[in-house]
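S.K.:
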Amino acid sequence: MSHELTTRKNGKTEMAYVGETPWHGLGQRLEEGAPIETWIEAAGMDWKVNRSRVRYGDGAAQKTWDDQHVLFRSDTKAPLGIVSPEYKTVQPRAILEFFRDLVEANGYQLHTAGTLFGGKRFWALARVCKDVSVVGDDRIGGFGLLSTSCDGTARTEWRDTTVRVVCNNTLSMATKGRAAAIAISHRSEFDAEAIKQKLGLAREHFESFAEAARTLAKVRMGGRRAEEFVAALLRDTKTVTHKDIEKSDAFGKIIALFDGSAMGGRLAGANGTAWGLVNAVTEYVDQIGR
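When you read off a place in the sequence shown, starting at 1, and then add 9, the result is the number in my numbering.
Structure, rendered in structure tokens:
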């Protein structure tokens, strides 16, 4: 399962969303403006991260390892990770509660939320401003992403992104290659108010991205130029020849998307432009190459 969303024994997927159905077709669809309490239940983030000292041994000879704690789910008792006693946990519902006043007073709109890998990672995504036009009907939206882990693999991070996070792949896309705007180690307590005080630049970052998109939409990309760009993008070793790359499945699919089969690929700002090539690569990574 490339989406890596948590699925309970009763078949419920721990994810909720508004708007377009995700590519995997999983999760609970909510109406825009649904209360935080509804999001917590629908996204399957209504359990707690509990902890216990690690015990080992046989029968009456069991011993306790005080330097290591096991984190586990309050509902299923499934283990989530082994951490030190100093490790500060963030509860799943706290990630959604973080957005309560931002939704009520700042115009944010919750968009997706859920858990991955059995609950070891979880996130919530909110739209921070209305969609803006790149060219004509080609529109993009800006999101704020809050994500964390409870197995020691990731910090608690806030990011400004244009990626709609609906699974592990899209979470990786949103977090890869760019440093988080705000990152909190699990050696520190999760201070929601301190993070919110630093969020004033979210809309400004999105406006900068929108302006860059408009610039890319003005750059024409002929067929050969696009092919050379994709070949350079896919080359991961100097021993691979240009012809080998052009014969690859990834190359063919990205070029096909760029040539018009991508979602919105025929829109004026995307058709035959650098912006269209960005979208072709993004759609391939998100939905085809997963």
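For each residue, glycine too, the CB sits at the ideal point set by N, CA and C.
1. Please classify Leu39: does DSSP put it in a helix, a strand, or coil?
2. Where do the N-terminal and C-terminal ends of the alpha helix (DSSP H) with Trp56 fall, by residue?
3. Let me know the secondary structure DSSP gives Ala103 once reduced to three states.
4. Below 8 Å, how does it come out for the region 78-94 and the region 24-35: are there three or more Cβ pairs, yes or no?
5. Please classify Tyr293: is it buried, with 16 or more other beta-carbons within 10 angstroms of its beta-carbon, or exposed?
6. Out of curiosity, what's the CA-to-CA distance linking Asp76 and Arg223?
7. Answer yes if the region 149-164 comes into contact with the region 90-105, meaning at least three C-beta pairs across the two stretches below 8 Å, and no otherwise.
8. By DSSP, does Asp169 sit in helix, in strand, or in coil?
9. Compute the distance between the beta-carbons of Glu236 and Ile193, then report whether it is under 8 Å.
10. Assuming Gly53 contacts Thr124 (C-beta within less than 8 Å), just tell me the rounded distance between them.
11. Please work out which residues of its chain come closer than 6 Å, Cβ to Cβ, to Thr184, disregarding the five sequence neighbours upstream and downstream, and give them in chain order.
12. Residues in the same chain with beta-carbon distance under 6 Å from Ile91, minus the five sequence neighbours each way, listed in chain order, please.
13. What separation, rounded to the nearest whole angstrom, lies between the Cα atoms of Thr30 and Val63?
14. Check the C-beta distance from Ala226 over to Trp284 and give it rounded, since I have them as a contact under 8 Å.
15. Can you tell which of Gly281, Asn178 and Ala279 has the C-alpha that lies nearest to the C-alpha of Leu14?
16. Could you spell out the range, first to last residue, of the beta strand (DSSP E) harbouring Ser156?
17. Output the distance between the C-alpha atoms of Leu210 and Trp74, rounded to the nearest integer angstrom.
18. If you draw a straight line from the alpha carbon of Glu106 to that of Asp268, how long is it in whole angstroms?
19. Helix, strand or coil for Val287, going by three-state DSSP, please let me know.
20. Determine which residues share a DSSP beta bridge with Leu80 and list them.
M.R.: The structure says:
1. Residue 39 sits at position 30 when you count from the first residue of the sequence shown. Note: Leu39 maps to coil in three-state DSSP.
2. One-based indexing of the sequence shown puts residue 56 at position 47. Taken as a continuous stretch (DSSP letters only), Trp56 belongs to no alpha helix (DSSP H), as it is neither H nor E.
3. As a position in the sequence shown, residue 103 is number 94, starting the count at 1. Ala103: helix per DSSP, three-state reduction.
4. no
5. Numbered from its first residue, the sequence shown carries residue 293 at position 284. Flag for Tyr293 reads buried.
6. The count along the sequence shown starts at 1 and reaches residue 76 at position 67. The count along the sequence shown starts at 1 and reaches residue 223 at position 214. The straight-line gap from Cα to Cα measures roughly 54 Å.
7. yes
8. Residue numbering aside, residue 169 sits at position 160 when the sequence shown is read from its first letter. The answer is strand: DSSP assigns Asp169 an E or B state.
9. Taking the first residue of the sequence shown as position 1, residue 236 is located at position 227. Taking the first residue of the sequence shown as position 1, residue 193 is located at position 184. It is not a contact, given that the beta carbons lie outside the stated cut-off.
10. By one-based count along the sequence shown, residue 53 stands at place 44. By one-based count along the sequence shown, residue 124 stands at place 115. Indeed they touch by this definition, with Cβ atoms about 6 Å apart.
11. For the purposes of this step, residue 184 is taken as the residue at position 175 of the sequence shown. The beta carbon of Thr184 sits closer than 6 Å to none of the beta carbons in its chain outside the five residues before and after it.
12. Locating residue 91 in the sequence shown gives position 82, counting from the first residue. Hits under 6 Å: Gln77 and Val79.
13. In the sequence shown, residue 30 corresponds to position 21, counting from 1. In the sequence shown, residue 63 corresponds to position 54, counting from 1. Their backbone Cα atoms lie some 41 Å apart in a straight line.
14. Residue numbering aside, residue 226 sits at position 217 when the sequence shown is read from its first letter. Residue numbering aside, residue 284 sits at position 275 when the sequence shown is read from its first letter. Confirmed, Cβ separation roughly 4 Å.
15. For the purposes of this step, residue 14 is taken as residue 5 along the sequence shown, with counting starting at 1. It is Asn178.
16. As a working note, residue 156 is residue 147 in the sequence shown. That run of the beta strand (DSSP E) goes Phe152 to Ser158.
17. As a first step, residue 210 must be located in the sequence shown, where it is residue number 201. As a first step, residue 74 must be located in the sequence shown, where it is residue number 65. Confidence in Leu210 is poor, its pLDDT being 49 and thus under 50, which makes the residue's placement unreliable; the coordinate value appears in the next sentence. Taking the straight line joining both Cα atoms gives about 45 Å.
18. Sequence index remark: in the sequence shown, residue 106 carries index 97 (1-based). Sequence index remark: in the sequence shown, residue 268 carries index 259 (1-based). One C-alpha to the other measures close to 43 Å.
19. In the sequence shown, counting from the first residue as 1, residue 287 sits at position 278. Correct three-state label for Val287: helix.
20. Here residue 80 is taken as the residue at index 71 of the sequence shown, counted from 1. Partner(s): Arg60 and Gly90.
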